[in-house]
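For the numbering used here, count along the sequence shown from 1 and bump the result up by 21.
Note that beta-carbon positions come from the ideal geometry of N, C-alpha and C, so glycine has one too.
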Amino acid sequence: MKTEIFVNPNFSYLTSFVNQIPLGFNSMGIELHHGRNEVRKVSVDELLVTVKYFKRITLANRFIFATIRKSKAQRAYEHSRMLIRKNLTSPEPVAYVNCYRYGLLYKSFYVSLYTNYSSLTKLLDIPIAESEEGLKAFARFTYNLHSNGILHDDYTVNNVLYSNYGNDYDFSLIDNNRMRFRNYSYRRGLRNLERLKIPVDKMGVIALEYAKEAHASELKTLNAMVFFRLHYILKVSFKKWVKAAIRLFSGKHDDLYSIQLKDLSVKSQDEKLSKKVSFKVNI
22 MKTEIFVNPN FSYLTSFVNQ IPLGFNSMGI ELHHGRNEVR KVSVDELLVT
72 VKYFKRITLA NRFIFATIRK SKAQRAYEHS RMLIRKNLTS PEPVAYVNCY
122 RYGLLYKSFY VSLYTNYSSL TKLLDIPIAE SEEGLKAFAR FTYNLHSNGI
172 LHDDYTVNNV LYSNYGNDYD FSLIDNNRMR FRNYSYRRGL RNLERLKIPV
222 DKMGVIALEY AKEAHASELK TLNAMVFFRL HYILKVSFKK WVKAAIRLFS
272 GKHDDLYSIQ LKDLSVKSQD EKLSKKVSFK VNI
């Protein structure tokens, strides 16, 4: 197995630790997340770091990431560095590790400093009377991100973290491997919000503040946000139904029923958007 390791020069003293990750990951620190990827919090040399293991790599991507495209770990590292250079907050990148076998990417790891910022979901759970200033700050942060030509392609409430001291809010981005860098456009910026699962009343606060920053119509901005959100939900539901149909023909009938229940759950959570807001837009 061939291993490629890159360590941030500011953390060169952690090189020995980083070298141990490919073989020792499962026994390191405390598990924070276990799913398609795994994340662990590790204490090393009086620092707390987060180690993310990109473990599910398709055969096609094993070849692509080994030849014509950078691995997710390397992109997460480079994109986080870019955010920090633009004075946007993200946990400081420490290192990335790519492991190859038979000329294909076998597994990869991304290491960053640990952050104790809270998920945006916590802010969304607070009554609007207490969270309004935070929601406005989030809208300004989002517009600043977009106006800097940065589109986070997995811009969800779980990938935006925040900290606050009174009404002074700071936001931090994680899972930065999927990003695009393009000139700002109003439409492109609003479409980038389609993955945000936000109650309609709080979406209204965010839309109005984003419109203010973009010097755009408040109603048009809110309608566009709702439209793109509903479009995204339909797109995801369609993909699930296609996969369910394939499984049905392959004999896995229980998968179709499972996906039907999930789709009903998603629709029940978001259908009030279409009831409360007209989303006929022209942008």
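(message) Could you check whether V221 and V115 sit closer than 9 angstroms to each other, using their CB atoms as the reference points?
(response) Note that the C-beta distance between V115 and V221 is not below 9 angstroms.
(request) Have a look at S33 and I147 and give me their C-alpha separation to the nearest angstrom. (result) 41 angstroms
(request) Assuming Q22 contacts R122 (C-beta within less than 8 angstroms), just tell me the rounded distance between them. (result) Per the sequence shown, residue 22 should be read as Met rather than Gln. By a beta-carbon distance limit of 8 angstroms, M22 contacts R122. Their separation comes to about 5 angstroms.
(request) Mark P30 as exposed unless 16 or more other C-beta atoms lie within 10 angstroms of its C-beta, in which case mark it buried. (result) exposed
(request) Just mark Y98 as buried or exposed, buried being the case when its beta carbon has 16 or more other beta carbons within 10 Å. (result) Burial call: buried.
(message) Please give me, in chain order, every unbroken run of the beta strand (DSSP E) with length at least 3 that falls completely inside the region 43-69.
(response) Given a length threshold of 3 residues, each whole run of the beta strand (DSSP E) inside the region 43-69 is given here in chain order: 51-55 and 59-65.
(message) Buried or exposed, going by whether 16 or more other CB atoms sit within 10 Å of the CB of N197?
(response) Burial state of N197 is buried, judged by a 10 Å Cβ sphere holding 16 or more other Cβ atoms.
(message) I need the straight-line Cα distance from L277 to H55, nearest angstrom please.
(response) Note that L277 scores 49 on pLDDT, short of 50, meaning its location in the model is unreliable; the coordinates nonetheless yield the value given after this. Rounded to whole angstroms, L277 to H55 spans 25 angstroms at the Cα level.
(request) Output yes or no for whether 9 angstroms exceeds the beta carbon distance between S193 and Y186. (result) no
(request) Verify whether the separation of the beta carbon atoms of L214 and I171 is less than 9 angstroms. (result) Taking 9 angstroms as the cut-off, the Cβ atoms of L214 and I171 do not count as close.
(message) Here's the rule I'm using: 16 or more other beta-carbon atoms within 10 Å means buried, otherwise exposed. How should N108 be labelled?
(response) exposed
(message) Just to confirm my understanding: we take Y253, look at its own chain, exclude 5 residues before and 5 after, and list those with CB closer than 6 angstroms. What are they?
(response) E215
(request) Output the residue ranges of the beta strand (DSSP E) runs that lie fully inside the region 99-130 and measure 3 residues or longer, sorted by chain position. (result) Within the region 99-130, the beta strand (DSSP E) runs of at least 3 residues that lie entirely inside it are, in chain order, 114-122.
(message) Going by C-alpha to C-alpha distance, which of A160, K93 and R208 sits closest to L229?
(response) When C-alpha distances from L229 are compared across A160, K93 and R208, the shortest belongs to A160.
(message) Which residue wins for smallest C-alpha separation from N119, given the options K261, S37, Y131 and A265?
(response) Y131
(message) Could you tell me which whole beta strand (DSSP E) segments of length 3 or greater appear in the region 157-222?
(response) Every beta strand (DSSP E) stretch that sits fully inside the region 157-222 and reaches 3 residues is listed by chain position as 171-173, 181-186, 189-194 and 200-202.
(message) Looking only at its chain, what residues have a beta carbon closer than 6 angstroms to the beta carbon of Y239, apart from the 5 residues adjacent to it on each side?
(response) Here the sequence assigns Glu to residue 239, which means Tyr is not the residue at that position. Within the same chain, E239 has close Cβ partners L229 and A232.
(request) Please report the residue range of the beta strand (DSSP E) in which I254 lies. (result) Per DSSP, I254 belongs to no beta strand (DSSP E); it is in the alpha helix (DSSP H), E239 to F270.
(message) Given this structure, state the Cα-to-Cα distance separating H236 from L53, to the nearest angstrom.
(response) 40 angstroms
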